[in-house]
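Protein chains in written order, with the numbering used here: chain A, 1 to 339; chain B, 1 to 339; chain C, 1 to 339; chain D, 1 to 339.
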């Protein structure tokens with residue numbers, strides 16, 4: 001029950017919104033009231049109208065399109081060594097960008113540090129035509145190991161990027177958990193911190209399948225519309241995509257759901273520590289990474305708890321992900337099994 | 001009300017199925033009972049288990065992935081001069097195939113004829129390294145102007161393809177309408193006629209967003225799974241995609257809905273002819289292409305009827321598309337406006 | 001002996017220049033005196049220093065790199081229906097541009113007319129996201145059938161391009177023949193007429209293998225250097241590439257050689273006409289396209305004359321290409337065989 | 001004078017051969033006697049006719065085409081962390097392969113070890129659709145730091161590759177130096193050791209610009225011809241490319257030149273050691289990597305010796321490359337400066 005947040009169903013209000021949208025005819029490809037409403041809600045959430053939003057079906061598509069909107073085909077893109085775009089999307093980024101190479105930064109910690117980006121700037125030079133030409137940095141917030149980038153942290157990185165002439169993208173598959181985790185606003189964690197493009201994920205947080213590529217300010221470009229179309233990511237019955245976004249954003253359901261998931265992860269982390277299992281990474285969102293010996297692993301499996309090993313943090317580390325649907329009982333089940 | 005079938009909502013049973021699937025946890029990325037059930041239904045519908053099915057979000061993605069699974073990047077792909085893949089997907093096919101050029105066949109009629117493909121075989125030679133190297137033919141069934149390819153027609157084309165060593169793909173965004181229109185089985189209109197890959201569309205016919213790339217027999221390849229993943233078309237909460245397919249295929253809802261749409265188009269065509277408007281193409285599915293003078297166009301618009309001009313068939317030709325939701329009243333509205 | 005100008009050897013002065021360059025060490029990748037000298041000669045020939053020149057090995061590479069420097073991957077490129085880039089480079093343009101589709105203009109004559117480009121502007125719209133998005137027009141001067149675009153003609157086309165926001169590229173595999181044929185200057189046939197990028201070919205005109213991609217004015221971009229490098233077109237022992245250019249440009253050898261070839265073609269055309277064979281296209285450079293009956297074809301073949309059929313101008317049309325090495329005797333041989 | 005072997009001129013016999021080829025007309029694009037002769041010489045050198053050879057202009061092109069012939073666009077390619085394809089060709093491999101990602105193996109030594117490849121096989125799984133899918137390993141022989149892979153070493157690596165279903169490519173920009181360095185035959189260092197594709201470089205060893213992509217046995221494929229053409233690497237006046245190859249291969253000039261360069265490097269290495277400068281890597285070909293303090297660096301620069309720092313081996317490491325033209329006097333100059 002802690003395998004991944006994408007194993008959870010959608011929140012009932014999302015399905016209700018789709019059902020409510022399932023009435024009568026409307027324009028296709030985004031020419032409909034749900035899309036207009038979703039856009040208005042995004043303006044409110046991000047406190048600006050200086051953005052373009054592209055609704056797509058998966059996080060991989062949002063990331064790929066973001067990078068292809070920011071980077072020419074001859075460029076390179078820098079990411080944390082364990083970034084999702086490096087490890088879990090096949091060679092999707094190369095596909096979407098027509099050949100920009102994904103390159104691991106020298107980051108040794110859980111998060112990319114401004115110094116890592118600075119070092120890459122030293123290593124790669126626009127004057128050395130034989131070498132890779134970075135043009136973008138991509139971060140994941142909430143990170144792959146469950147930590148948050150704060151607005152200050154993002155600003156420090158974007159300052160290095162600006163100096164280099166590089167764009168900054170944030171993979172926000174769990175952006176809601178980062179917003180709740182930092183207590184910062186969506187704006188503070190994006191354009192106000194110098195982020196050019198955000199993959200704003202709603203699926204893991206409670207939608208059926210709805211991800212939003214947002215381009216801010218100077219990064220806005222008509223090219224993105226053509227890139228989305230040619231990638232087969234412009235949905236014809238577009239209302240069902242944006243009805244999901246409306247349901248999630250209206251009344252801040254997205255924050256409520258992420259808040260619950262974060263709380264469950266926090267509680268779970270505490271229970272692990274109380275049971276003598278040490279955390280492999282601080283719990284700052286809805287994910288818990290914990291060191292478990294084989295007897296504890298067996299006990300949890302026997303109790304029907306699902307979870308995955310996470311080798312990048314160590315051979316004895318396991319990941320537990322809480323979702324909007326995670327219950328106190330599920331946390332108790334884990335705790336009981338650990339005793 | 002006749003603008004396009006993708007302006008219609010989804011059929012209620014599709015939404016009900018999604019709602020029913022919205023219970024409890026399940027595996028992501030296709031490891032769920034709905035996907036297994038959808039696959040079983042496809043085996044039954046196509047009367048074979050010698051197929052692989054890839055569920056994706058849009059028809060453009062299904063077409064692009066099909067072509068990329070069939071064609072190497074150095075190849076060319078042949079299509080009817082007014083094919084959707086040539087006219088309405090940006091340069092999506094080039095994107096998905098990494099550069100295979102889409103080339104128009106010399107077809108002058110509404111459908112591609114075996115002779116057109118034969119002629120292309122004469123024009124292009126594998127020995128002329130400077131020239132384009134066709135490796136696939138793609139047809140649209142139901143065609144862009146509403147006609148069907150019969151099993152015999154497909155077989156004649158696939159025979160030419162086999163001789164050339166070319167693959168045959170069918171863009172079946174309105175495959176259901178072709179099945180009903182020809183009275184042939186899904187198998188007879190696909191693998192039994194030598195079709196290697198089919199984009200089996202459910203969206204226009206009543207789903208929310210569900211398209212299926214099917215590879216038959218020798219065209220099956222593990223590569224397709226990697227191609228889908230890297231294209232951002234592997235949905236995490238996969239159950240909602242396949243629950244739609246289950247709803248459409250179970251009890252032959254897909255044929256019932258297409259049958260209704262075809263009937264409405266047939267009736268509409270008759271009304272046009274009775275009113276003295278000549279059809280620009282035979283009605284064989286759910287689309288009507290009719291010549292209208294400006295006064296009739298104005299009268300229809302005044303009556304609130306929506307429809308689009310279709311310049312490839314003539315400056316005075318207009319397209320009307322019926323959907324599963326089209327009512328006899330809507331047909332009557334058109335007929336009345338024409339008087 | 002009239003098969004193609006690329007069947008001729010290189011001019012002795014080109015080989016002499018390479019031999020002269022074969023002394024001692026020098027910087028690689030263009031950091032050498034021959035490259036500096038070639039660049040100076042280009043400034044003089046084109047009467048401007050507002051250009052960047054990239055030396056590459058083949059015309060296909062120069063064209064592909066030019067288009068990739070001018071067009072984003074989501075775009076389309078417009079060309080004459082019988083353009084070399086459409087017919088004779090495989091799908092090279094799609095490869096170099098990462099998917100921009102090559103599309104034939106509606107030109108029915110031997111040259112692209114401004115109206116053809118204007119019509120394409122009407123047909124394709126940036127607002128129709130489903131449709132192709134042209135971003136460049138590419139012309140061939142000398143054209144595939146041996147005609148020249150005059151400065152006025154080019155200016156008229158570039159004016160339409162500018163209005164549309166499209167770039168203008170000229171494939172100048174036989175640019176020297178066009179310069180001599182029109183009597184216009186290199187500048188008048190390029191940047192002064194609104195040409196953004198020129199593939200300036202030296203190989204057919206007498207070099208071993210030396211083609212130059214020139215970007216003018218606003219089209220200059222550091223991206224081109226990275227594009228050339230990643231395409232494997234940055235030669236390490238660069239001096240041998242640019243020594244060829246120096247030999248061809250110094251003392252206007254390039255114009256002398258093209259002048260000779262044009263004269264031979266002109267003479268050959270006259271002989272054909274005197275022998276009662278009608279020209280299929282006006283002789284304006286170094287190519288002759290002529291209608292021949294089978295007995296004349298046989299007589300020429302018997303006399304050891306080599307030439308190719310040119311089906312795009314008619315089943316009975318044959319192409320004869322003169323080169324810098326073509327002799328009056330060779331022309332006489334043809335004339336004698338025709339009697 | 002030790003900056004790089006590509007700063008040396010071509011060997012006189014190469015230019016003589018080009019000059020000798022500069023007579024009369026011949027077929028273009030490889031339909032000429034020089035190409036036929038070069039192919040025969042390759043059959044002899046590699047002791048087999050079960051190979052296809054593609055002559056191209058640069059090493060980057062040979063490598064890119066090799067990888068695109070061996071790998072589908074959805075794949076990954078594994079290389080030593082400091083491989084030329086990773087560090088010095090921009091994102092060329094991604095360009096040529098349409099998106100295959102270049103990935104560094106975990107090699108910590110100067111050469112890739114079979115265990116490194118084995119470990120990659122464990123790390124990446126064809127069953128994990130989200131992960132990278134390696135399909136080829138590429139080695140450099142002579143390596144980037146001047147070492148040779150022996151036939152046994154290659155066979156051990158190819159055995160792991162075969163087990164995984166991966167192809168094996170060798171970047172042989174300095175293949176001749178490896179052949180001489182190991183004392184093994186060209187066949188023993190390629191197909192007999194399980195190598196599928198070889199970039200056989202002649203340029204650094206004494207040609208003007210001539211690199212050969214060789215596909216062996218089961219890796220032979222007509223696709224390579226189309227890939228070369230579309231990449232702008234099929235030279236029209238092909239004789240000048242293959243005349244170079246003939247000159248280099250005839251009478252084993254290629255081995256003679258590499259033998260001299262290797263000897264000069266060997267002598268230089270000895271002199272360094274005698275002067276108390278320690279080698280950073282064993283001298284096995286024509287490259288010397290040596291640790292130098294700043295006073296020695298200054299002394300060498302003052303003596304007019306050119307060379308480059310090589311940071312991947314250490315901050316105080318410098319690379320010296322000998323060529324066919326390196327003289328004993330040049331070695332003496334270095335030795336004298338070190339005293």
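Glycine included, C-beta positions come from ideal geometry on N, C-alpha and C. Quick caveat: nothing in here was measured; it's all calculated off a predicted structure.
- CA-to-CA, the gap between residue 64 of chain A and residue 57 of chain A works out to about 12 Å.
- In summary, residue 109 of chain B is exposed, with fewer than 16 beta-carbon neighbours lying within 10 Å of its beta-carbon over all protein chains present.
- Within chain A, the C-beta atoms nearer than 8 Å to that of residue 92 of chain B come from 229, 230, 231 and 232, in chain order.
- For residue 161 of chain D, the CB contacts under 6 Å within the same chain, skipping 5 residues up- and downstream, are 137 and 168 in chain order.
- Taking 9 Å as the upper bound on Cβ-Cβ separation, chain C lies near no residue of the segment 246 to 263 of chain A.
- Between the alpha carbons of residue 21 of chain D and residue 233 of chain C lies a distance of about 24 Å.
- For chain D, the residues of the segment 112 to 136 of chain B that bring a beta carbon within less than 8 Å of one of its beta carbons are 126, 129, 130 and 133, in chain order.
- Taking a 10 Å sphere around the C-beta of residue 28 of chain A, we find 16 or more other C-beta atoms and assign the residue as buried.
- In this structure, the CA atom of residue 114 of chain A is about 49 Å from the CA atom of residue 187 of chain C.
- Residue range 134 to 140 is occupied by the beta strand (DSSP E) that includes residue 134 of chain A.
- Beta bridge pairing from DSSP links residue 309 of chain D with D:318.
- For residue 240 of chain B, the nearest CB of chain A lies under 7 Å from its own CB, placing it at the interface with that chain.
- The continuous beta strand (DSSP E) containing residue 54 of chain A extends over residues 51 to 56.
- Using a CB distance cut-off of 7 Å, residue 267 of chain A does not count as an interface residue toward chain D.
- Counting only residues of its own chain and dropping the five nearest sequence neighbours on each side, residue 329 of chain A has no CB closer than 6 Å to any other CB.
- Assigned with DSSP and collapsed to three states, residue 153 of chain C falls in helix.
- Among the CB atoms of chain A, one or more fall inside 7 Å of the CB of residue 10 of chain B.
- Residue contact with chain D for residue 61 of chain C: present (Cβ-Cβ distance below 7 Å to some residue of chain D).
- Below the 9 Å Cβ cutoff, chain B contributes 28 and 236 as neighbours of residue 4 of chain A, in chain order.
- By the Cβ criterion, the segment 236 to 255 of chain A is not in contact with the segment 82 to 92 of chain A, since fewer than three pairs of Cβ atoms, one from each stretch, lie closer than 8 Å.
- CA-CA distance, residue 236 of chain A to residue 7 of chain B, rounds to 8 Å.
- Taking the C-beta atoms as reference points, residue 219 of chain B is found no nearer than 7 Å to residue 133 of chain B.
- DSSP places residue 78 of chain D inside the beta strand (DSSP E), whose first and last residues are 76 to 79.
- For residue 246 of chain D, the uninterrupted alpha helix (DSSP H) run begins and ends at 239 to 249, by DSSP.
- For chain A, none of the residues of the segment 201 to 217 of chain D brings a beta carbon within less than 8 Å of one of its beta carbons.
- When Cβ-Cβ separations below 7 Å define contact, residue 33 of chain B makes no contact with chain D.
- Secondary structure of residue 215 of chain D (DSSP, three-state): strand.
- Of the candidates D:127, D:217 and D:202, the residue whose Cα lies closest to the Cα of residue 47 of chain D is D:217.
- With a minimum length of 4 residues, the unbroken runs of alpha helix (DSSP H) contained wholly in the segment 163 to 237 of chain D fall at 175 to 182 and 223 to 230.
- Just measuring C-alpha positions, the residue of C:267, C:308 and C:213 sitting nearest residue 197 of chain C is C:213.
- Around residue 106 of chain D, no beta-carbon contact reaches into chain A at under 7 Å, the shortest distance being about 12 Å.
- Counting C-beta pairs with one atom in each stretch, the segment 177 to 194 of chain D and the segment 322 to 336 of chain C have fewer than three that are closer than 8 Å, which means they do not touch.
- When Cβ pairs closer than 8 Å are counted between the two stretches, the segment 317 to 324 of chain C is seen to touch the segment 273 to 291 of chain C, the count reaching three or more.
- Within its own chain, the residues whose Cβ lies closer than 7 Å to the Cβ of residue 177 of chain B, once the five positions on either side in sequence are excluded, are 142, 258, 261, 262, 285 and 286, listed in chain order.
- The DSSP-derived three-state label of residue 104 of chain D is strand.
- Per DSSP, reduced to three states, the secondary structure at residue 144 of chain D is coil, with no helix or strand assignment.
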